[in-house]
Each structure stands twice: as C-alpha cells, then as structure tokens.
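>
In this note's numbering, the protein residues as written are 192 to 331.
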C-alpha cells in the first residue's frame, strides 16, 4: 500500500498535512476508532471520521457544511477509482482554508452553532487538547 498525502483536522488545532499509509489500522488510529466515510463534496475528496465520535463523547471539531458537526479528529483524502488517494494540491489548499480555524460550539435556541476561533482561545474555553497535554507532560 502506498503513502498518501492527507489533511488531518483535530479539535482546537489548525489543520495539518500528513503522509500516511492507507492501511485500515492507520486510518482507525488517526480517528481513534471505527471509520466512517463521508462524501459531502463533488470534487472526489472524502472525509474520514470516527463512526462513533458523538456517542463516545469526543470533542466537537468542525461544522460539516450546514447540516452536521464532526466529533473528534478527522482527515480528508482523495478518492481514486478504487481506493483512497492523496489530495491534489488544489484540494489540499481548499480544505486547509475551509477548516483553518478551530470552532467553539454553543447551544442556542436554534440548535448547536459553531464559532471560529484561534487555538489559544479554544484552549482557554475547552482546556488543552489531548495531544498537547501529553506533549506538555512529556516536557516536564
């Protein structure tokens, strides 16, 4: 299985590019469990997230268009003829821009709404994301 270039989007963080192998183990490791594939766009890109993210109580991450919210870490990759593949440069730039800002979510009379914010504001309201917490403890 060859490597592919993907965009990883973690709660409270700016998105980051990564080279990953396309094994099921790797995909599940990134999202922290069983994968769910979503095809919300028409440009042969796929969003892969944790199938049980909301049930597991993972932190809300980003709004998906105007109809859903993804919980937990997700990533975006390309869709080849028979398998997942690297994003094109144009897709990478498009999705980096689309998901650049972390979102804080609030309950409103109209349902849960997201508001873009910086990672530092996110940490202020939500606490440190798990990845940074473990890195901070490791540095002690």
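Cβ atoms here follow ideal geometry from the backbone N, Cα and C, with glycine treated the same way.
Please go through the same chain and pick out, in chain order, the residues whose beta-carbon is closer than 6 Å to the beta-carbon of residue 296, but skip the five residues on each side of it.
Excluding sequence neighbours, residue 296 sits near 251, 303 and 305.
> For the segment 194–204 against the segment 223–235, are there 3 or more C-beta pairs whose distance is under 8 Å?
In short, these stretches do not touch, since the Cβ pair count stays below three.
> Name the residue from 193, 308, 317 and 301 whose alpha carbon lies nearest to the alpha carbon of residue 258.
Looking at the Cα atoms, 301 is the closest of the given residues.
> List the endpoints of the continuous beta strand (DSSP E) containing residue 307.
302–307 is the extent of the beta strand (DSSP E) around residue 307.
> With distances taken Cα to Cα, identify the nearest neighbour of residue 218 among 254, 275, 235 and 247.
The option with the nearest alpha carbon to residue 218 is 275.
> Go through the segment 243–298 residue by residue and report every complete run of the alpha helix (DSSP H) that reaches 4 residues or more, in order.
Those alpha helix (DSSP H) runs which fall completely within the segment 243–298 and span 4+ residues are 280–289.
> Which residues in the same chain have their Cβ closer than 6 Å to the Cβ of residue 260, if we skip the five residues on either side of it in sequence?
Taken in chain order, the residues that qualify are 251 and 254.
> Where does residue 212 fall in DSSP's three states?
In this structure, residue 212 counts as strand in the three-state DSSP scheme.
> Would you kindly report the start and end of the unbroken beta strand (DSSP E) that includes residue 235?
Looking at the DSSP string, residue 235 is not in any beta strand (DSSP E), and its letter there is neither H nor E.
> For the candidate residues 238, 213 and 209, whose alpha-carbon lies nearest to that of residue 289?
Measuring from the Cα of residue 289, the nearest candidate turns out to be 238.
> Verify whether the separation of the beta carbon atoms of residue 203 and residue 307 is less than 8 Å.
In this structure, residue 307 does not lie closer than 8 Å to residue 203 by Cβ.
> Start and end of the alpha helix (DSSP H) containing residue 315?
First-last of the alpha helix (DSSP H) with residue 315: 310–317.
> Label residue 246 either buried or exposed according to how many other C-beta atoms from any shown protein chain fall within 10 Å of its C-beta, with 16 as the threshold for buried.
The residue in question, residue 246, is exposed, as its Cβ has fewer than 16 Cβ neighbours within 10 Å.
> Is the beta carbon of residue 269 sitting closer than 8 Å to the one on residue 279?
The answer is yes: Cβ separation under 8 Å.
> Between residue 226 and the rest of its own chain, which residues show a CB-CB distance below 8 Å, the 5 nearest in sequence each way excluded?
The residues are 215, 218, 219, 239, 240, 241 and 242.
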